[in-house]
Every structure is written in structure tokens, then in C-alpha cells.
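Residue numbers (the UniProt record's numbering): 1 to 595.
In this text, a Cβ means the ideal position worked out from N, Cα and C, and glycines have one as well.
Here the structure is a predicted model, which means the values were calculated and not measured.
The block underneath contains the structure these notes are about, expressed in C-alpha cells.
Written as C-alpha cells, this is what we have:
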């Protein structure tokens, strides 16, 4: 079994995640560490103000009877109060149990019951009603506070009689080995499992990460806008890193307002998942073509990609530099403006980004630092660095992390950020972390002589055709989704005579395309449209060019409606939940092989 280790650069962690709050308040009391929505604008929150608010909410939790090690549920979209409550929970040695706002009542019921949460903080009355409906199965649950009904002020008032000495005693008792959070994985089958992550797990991840990513975290005036769910470990780890390094954080709870929020906050870096980068590219492409500027955009995109590729081969030629400078004025600057105009880097995780998008965004002046990790590894175990990017890979292991490839191609990791195990589920823990301490990711991959890791597929998602050919579906799907008219694609063919695909249409980008051609704009009316089929066939043909004939898509079906989180067909990080798509479209799949 091949292994690659990056030596540790920091000492073993001490203290707790909340220590940074009081360190900042003591040494940098007036530094703005958050920017929160205030009416039509934004208001800064200083390090001293944040520490005071965390203290007040924490005292309220103490007064409510929350003890060291007990669990507190937190159900809300990404917002300032989410972060505030999270740190208050940590400061008294309790553990946060994040619940996605899109979780079904049955999922909420299971998480509350399994975690034995003693209190909960939710955003609004709707969330409160979901929590209340689960009370019968969650006997440990006591109080529930609503953010929109004044939860923060209520908790601060509740804790008025808790002394500073009592609070400091609780805070100083928190150690690296204490449970910081239970994050329930969405999973593809069965009930969600709670990943046990300690303060030490977060520290093992962050302390080396902020050192090697100093271009993000140590830049003068560094800031970010969090819009991914804080219930997900990816956004959460960035939150903690920002607090640790006093990077100003703003929150955008509704992606419908994202472009406006980016323009107002003007972050220096952002984090997102590949689907968002795909949408940015596809929307720009479609808007340009609908406005009669398609040739200019296509030439600009080709130039951006070529310019990025040249960075890996000694640099761009004089002619390419000149073309790049021209398109920077005409196109690239406008795309950067959509991201707020100040973004220097983007961080991507959750799924493969793809070479084309990686080169495109680096070429327009927004390098995407692609990384890899899971909830079970407290987010990233590897990442590309600003001065050491290899597009198409997820970077090298973080300091203190060892990667290995098992005989069957599965990626294995060791490191201080690997979880302590699944909550009350020893059987699942044993299936994920072997006797030698290797965490089995379920992903297939490889690494080169320099340690750069490439993800090649998902172990459980490999399709085996009737002819015995192994096919990694994501290679094809990632490329097809780059077509501006495509929203989602799922490759099928397990046990079948050939590879095929189900494809959904982007409901926004189809409108200008269809209007220009005098066609109906509802995708449901276009599933058999010859011109649309021909357009999608181009995307399929291009994707097929990257695989062997046996792996190529022979047939596809355009579906009348898109897949969404609400339908359960997309996960919270916008990746396919294949078993649900297959169950919902069994007849469509069979039709591909019988018609």
C-alpha cells in the first residue's frame, strides 16, 4: 500500500475552540471580526462586542441547566446568530448539534432523539413547530428558543445572575478531547450517523491550514461572505479559521440575494461547491450568447483557459498576454465584479471541480483552491495552495496528514482531524476506521510523486456494464453539466449492455435560448425538441471524447423537471443522491434500454 505523509508543522492542540474569542477581545478589542445585516446596510461587530455577546448567551445556557458534554441542537440557515450561539455552546463545554433547515421532520426527530439534545435554538416559528413535533421521541429536550423571537436577548437575560467566575470556571474546563459537535451525515441509505468531532479535531485541521493558507487568512483587510450552510462542516471550518485569524465574516442566508450581498460585502475570498462555479460560468455563457456577444465570450473563455494552462508550462507568450489583457477589460473584470470585485481566491470542496472550470477561473483572475475532505475528517485533509496549484487535483495532504491508496484504489487517511467515531454506533465506526487507524473514505483516487491527490470516482458509484466494463460516472457527468442548458446529469448502465444518461435542463438558462427560437420556455415542453436534443448531444459527444468507446454514453433522455434538494434528489451540497434519482426514474432508465 502506497503512502505519502506531510510532516506536522504545529504542536498538539491545547484549550478549546472558543479561546480565540477572548484572545481577540483582549489583544484586538476594536477590530471588526463580523459584519452583520443592519436594515438596508451592514454593521461591524468588534472582537470585544462578540466576546461580550458570546459570554451573555453562554451564561443563559448555563442558567438553563446545560451541562458540560451535553448536546444543544441548532436549526437555522447561515446567519450571524448561528456563529454566536455555536461559540457560546463551545465556551461552556457543551456540543453543538447542527440541523439543516431543509431537514425533514423525520430526520429532525431522529437527530434530536439520537443526540439526546437537551435544548434547541431555531431560527423561526416554522422550525420551532418541527422541533415541537419531535418532542415525543426526544424526551431529553427541554427549552427551545427562536432567533427571530429574540432568542439572543432572552438567553442573555436568563443568564444575568450567572457570575463571571462561574462562567470562567466552565470555560477553562474545556479541553481538546471534549466533544465540540455532532454532525449528522446525510448518507445515501439508512439513518444519518453522528460524526463525533472534538475541539482537538478542529484544531488539528485549522492550525496548520491557516499557516499554509496565509494568503487568505493573513492578508490585510481579509474578509469572506459565508453563504453555504453552517450546518455543513466545510463552512463551519472556515468560520472557525476566520475567528482564529480575525478575518471579517459576513453571512448571506438566502442565495437569492447572493450577488447583491457579494457586491456590498466585497469579500477577499469565498468558499463554495462546484455547482455554484458551474452556474456562474453557465449563466455568463448563456447571457452573452443571448445578448449577441457569444463569440466574444467564447473567445474570452478559451483565452482564460489557455492563459491558465500556460502558467503550468513556463508562462504565457506575448500574444497570449495581449489577448488576456484585452479580454480582462471586456469580460473578466465583469465576472470578478459579480463576485464583489475584490475576491482574490475561492475555495472549493464537496465534489470535483473539473479541469476546465479550474483553468477558466484561474484564467479570469480568481484561482480556485480545490480541496478534499469529509465530515468524518473535520473537512479538508488536502488542499491546493495559492503558490502551489495543480488543477485537476485536490492538492497535497495538510501538514500532519498521511494519505494511502488501498489495493482496490480506495483513498485512506490518517491525521488528527479524523473523527473519534460515530455517535453510539460502534459497528459503523469499525467499518470506517480500521484497526490501524486508517479512515476509509469510500472514494477512489491516486497521488503523484509530489503527493498531489486526484479523485477518480466513488467506490460505491462505479458502474459495471453487462460486458464487465467498470465506468466512473462522474467523469462524464461533470463535463456534461458544463453545458449552459444542462442543470443535472446522471449516468446509468449498471448491469446494462451500454452506458446511458438522464439529463435535466437549467430552468433559467433555457428561457433566452427558447425565446430566441420561438419555442416554449418550459423544459417539460421541450423534452422531445429536435433542436434541444441536438444541442445536448454536442455536450454528450464532447464528454464521450474523454473516455473509451465502452464507457461512452450511447443514449440519453431529457427529463421534464429538474432535480432539487426539496425533492430529495440533490444533497445539501448539491450533489446527486443516486439511489433516490434511480427510484424516482426507474421507468425512464428502463426506457433507455427498451425503446
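By the beta-carbon neighbour count (other beta carbons within 10 angstroms, threshold 16), residue 1 is exposed. Going by DSSP, residue 104 is part of no beta strand (DSSP E) at all; its letter is neither H nor E. With a minimum length of 4 residues, the unbroken runs of alpha helix (DSSP H) contained wholly in the region 48-107 fall at 80-91. In terms of Cα proximity to residue 374, the closest of 244, 184 and 334 is 184.
When the Cα atoms are used, residue 195 and residue 177 turn out to be separated by approximately 14 angstroms. For residue 474, the closest of 450, 247, 546 and 283 by C-alpha to C-alpha distance is 546. Residue 411 and residue 110 have their C-alpha atoms roughly 30 angstroms apart.
No Cβ-Cβ contact shorter than 9 angstroms links residue 253 with residue 350.
Distances from the alpha-carbon of residue 455 to those of 381, 516 and 433 put 381 closest. Given a length threshold of 3 residues, each whole run of the beta strand (DSSP E) inside the region 487-571 is given here in chain order: 499-505 and 553-558.
For residue 406, no alpha helix (DSSP H) encloses it, and the DSSP letter there is neither H nor E. Take the alpha-carbon of residue 199 and the one of residue 145: they are about 25 angstroms apart.
The Cβ atoms of residue 268 and residue 303 do not sit closer than 9 angstroms to each other. At least 9 angstroms separates the beta-carbon of residue 413 from that of residue 378. Distance from the CA of residue 244 to the CA of residue 217, rounded to the nearest whole angstrom, comes to 9 angstroms.
By alpha-carbon distance to residue 376, the top candidate from 130, 141, 193 and 539 is 193. For residue 41, the uninterrupted beta strand (DSSP E) segment begins and ends at 41-46. Annotation: residue 122 to residue 263 spans about 29 angstroms, alpha carbon to alpha carbon. Between the alpha carbons of residue 277 and residue 360 lies a distance of about 10 angstroms. Taking each of 38, 40 and 44 in turn and checking the Cα distance to residue 31, the smallest one comes out for 44.
The Cβ atoms of residue 405 and residue 370 do not sit closer than 9 angstroms to each other. Under DSSP, residue 440 forms a beta bridge with 412.
Residue 137 and residue 385 have their C-alpha atoms spaced approximately 46 angstroms apart.
For the pair residue 203 and residue 182, the Cα-to-Cα distance works out to about 16 angstroms.
Here the region 577-584 does not lie against the region 510-528, with fewer than 3 beta-carbon pairs under 8 angstroms apart. No Cβ-Cβ contact shorter than 9 angstroms links residue 458 with residue 476. The shortest CA-to-CA distance from residue 100 to any of 93, 63 and 73 is the one to 73. Between residue 298 and residue 334, the alpha-carbon positions lie close to 15 angstroms from each other. Rounded to whole angstroms, the Cβ separation of residue 479 and residue 354 is 7 angstroms, and the two are in contact under 8 angstroms. Its Cα nearest to that of residue 9, the residue 210 stands out among 249, 210 and 84. Collapsing the DSSP output to three states places residue 260 in a helix. A Cβ-Cβ contact shorter than 9 angstroms links residue 131 with residue 112.
When the five nearest sequence neighbours on each side are left out, the beta carbons in the same chain lying within less than 6 angstroms of the beta carbon of residue 191 are those of 110, in order along the chain.
A contact is defined here as three or more CB-CB pairs under 8 angstroms, and the region 58-65 fails this definition with respect to the region 19-39. CA-to-CA, the gap between residue 128 and residue 504 works out to about 35 angstroms. Listed in chain order, the non-local C-beta contacts of residue 488 below 6 angstroms within the same chain comprise 504 and 563, local neighbours out to five positions each way being set aside.
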